[in-house]
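Going by my numbering, the sequence shown opens with residue 31, and the numbers climb by one from there.
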Amino acid sequence: MEKERRKRDVVIIGAGMAGLTAALYAGRSGLSVLVLESELVGGQIANAAGIENYPGFLSVGGSELISTVQNQAEKFGAVVNEFDAIVRVDLSAQPKIVETESAVYEAGAVILATGMKRRKLSLTEAARYEGRGIHYCELCDGQAYQGKKVAVIGGGNAAVDAAEYLSKLAAKLYLIQRSELRADAASVNRLRGHGNVEILLHTEPRALSGDKRLTAVTIFDRKAETAKELPLDAIFVNIGVEPNTALFADQVKTDKAGNIIAGEDCRTNLDGVFAAGDIRTKEVRQLTTAAADGTTAALGAVKYLRSLN
Ligand SMILES: Cc1cc2nc3c(=O)[nH]c(=O)nc-3n(C[C@H](O)[C@H](O)[C@H](O)COP(=O)(O)OP(=O)(O)OC[C@H]3O[C@@H](n4cnc5c(N)ncnc54)[C@H](O)[C@@H]3O)c2cc1C
31 MEKERRKRDV
41 VIIGAGMAGL
51 TAALYAGRSG
61 LSVLVLESEL
71 VGGQIANAAG
81 IENYPGFLSV
91 GGSELISTVQ
101 NQAEKFGAVV
111 NEFDAIVRVD
121 LSAQPKIVET
131 ESAVYEAGAV
141 ILATGMKRRK
151 LSLTEAARYE
161 GRGIHYCELC
171 DGQAYQGKKV
181 AVIGGGNAAV
191 DAAEYLSKLA
201 AKLYLIQRSE
211 LRADAASVNR
221 LRGHGNVEIL
231 LHTEPRALSG
241 DKRLTAVTIF
251 DRKAETAKEL
261 PLDAIFVNIG
271 VEPNTALFAD
281 QVKTDKAGNI
291 IAGEDCRTNL
301 DGVFAAGDIR
311 TKEVRQLTTA
321 AADGTTAALG
331 AVKYLRSLN
């Protein structure tokens, strides 16, 4: 059966801070707006506990912050749909095509706000332990490991910050990094100040073990070329992020890391296609910059649609 064709002024892909802010601004400008989300609304911040650097709040939970922005967007008519996966996009067509499992949307403009996901541990058995000792979000899952033995894998600022956060909960905290640390010296010194922290450099995980849950990891010392088993209750993987561009990477220009190339005006190489939030090439990836991009992209879409008439 042929899918129903539906027209929308703007289709926004991704319902994180950038996408929802874009929905708020585009809806408030009187446009018909659809936001499509492949997982749960909220993106990376959905499960974060106390966010202390979003202006206007001394401390706010990610879900509370995001659901407020969603409510604001919906108040201005935007529709947020997290149950209709996108199967195809054609971004150079006019109107642009966004085909989901249930319909074909014809959109005047498209805002790409698909953000990032954490890079996964490349050991084949890692998927088996995901949520059972292998974790990717210390703020979401760290509390479960109070008084336990925990490791963070990675050596950048994000990994060192994660290790510092977890060192306050865990009885023992290992930071395992395959080469040298890349984090700034101040963060590393702060981490070293915790008596329960051990930093293992030139070391990498080679195998995971445990029956129903993770109980140990085999680590390999790359300099000494020796392996040993480390009893552990959890590993928090923090080895970088990957932009979510699989859906459209062959259509919009991206940089070497896969981020969509777009300037402060959020315009991509394609007319009427905007990139907002962490998915865009930029220096600072935060909630405030995601919200700023959502604003700019939406107002850019309004201007673009006006120019078509
Ligand atoms: C643990 C953690 C804590 C953080 N803490 C802070 C903090 O305290 N303060 C701060 O300012 N920043 C913080 N950040 C950074 C901040 O979360 C990000 O900068 C911000 O969430 C980026 O928003 P975004 O909308 O661009 O992307 P995301 O939040 O990544 O949202 C993108 C959305 O697009 C969806 N999506 C992806 N692919 C598709 C597809 N094909 N179809 C439909 N939908 C798709 C995703 O599921 C996701 O919901 C934190 C990040 C993490 C991971």
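Glycine included, each C-beta is placed from N, C-alpha and C at the ideal position.
Taking C-beta atoms as the reference points, V227 and A264 fail to come closer than 8 Å. DSSP lists F266 as the bridge partner or partners of H165. In this structure, N111 has its CB at a distance of at least 7 Å from all heavy atoms of ligand 1.
Contact between the region 31-39 and the region 132-150 is present: three or more C-beta pairs spanning the two stretches fall below 8 Å.
Between ligand 1 and the CB of R38, the shortest heavy atom gap is not smaller than 7 Å.
Using a 10 angstroms sphere on the CB of K286, the tally of other CB atoms stays under 16, which defines it as exposed.
For the pair Q207 and T248, the CB atoms are not nearer than the 8 Å cut-off. Between Q74 and the set P273, T284 and A157, the nearest pair of CA atoms involves P273.
At least one heavy atom of ligand 1 falls within 7 Å of the beta-carbon of Y84.
The bridge partners DSSP lists for E259 are T248.
For the 8 Å CB-CB criterion, G163 and L244 form a contact. One Cα belongs to V303, the other to V140, and the distance between them is close to 5 Å. A distance below 7 Å between beta-carbons, with the five flanking residues on each side excluded, links A115 to the following residues of its chain, in chain order: S68, T130 and E131. Taken atom to atom, the span from the alpha-carbon of C167 to that of M146 is near 13 Å. For R149, same chain residues with a beta-carbon under 7 Å away, outside a window of 5 residues either side, are I269, G270, V271 and E272 in chain order. Pairing N83 with A254, the inter-Cα distance amounts to about 43 Å. In this structure N339 is exposed. Its beta-carbon is surrounded by fewer than 16 other beta-carbon atoms within 10 angstroms.
Non-local C-beta neighbours of A246 in its own chain, meaning closer than 8 Å and more than five positions away in sequence, comprise L238, S239, G240, E259, L260, P261 and L262, ordered along the chain. With a cutoff of 7 Å, T318 counts as near ligand 1, since its C-beta is closer than that to a heavy atom of the ligand. Membership of K178 in any alpha helix (DSSP H) is not indicated, and neither H nor E is assigned to it by DSSP. Looking from the CA of V267, the closest CA among S217, R336 and G186 belongs to G186. Excluding the 5 residues flanking it on each side, G72 has same chain C-beta neighbours closer than 6 Å at I96, in chain order.
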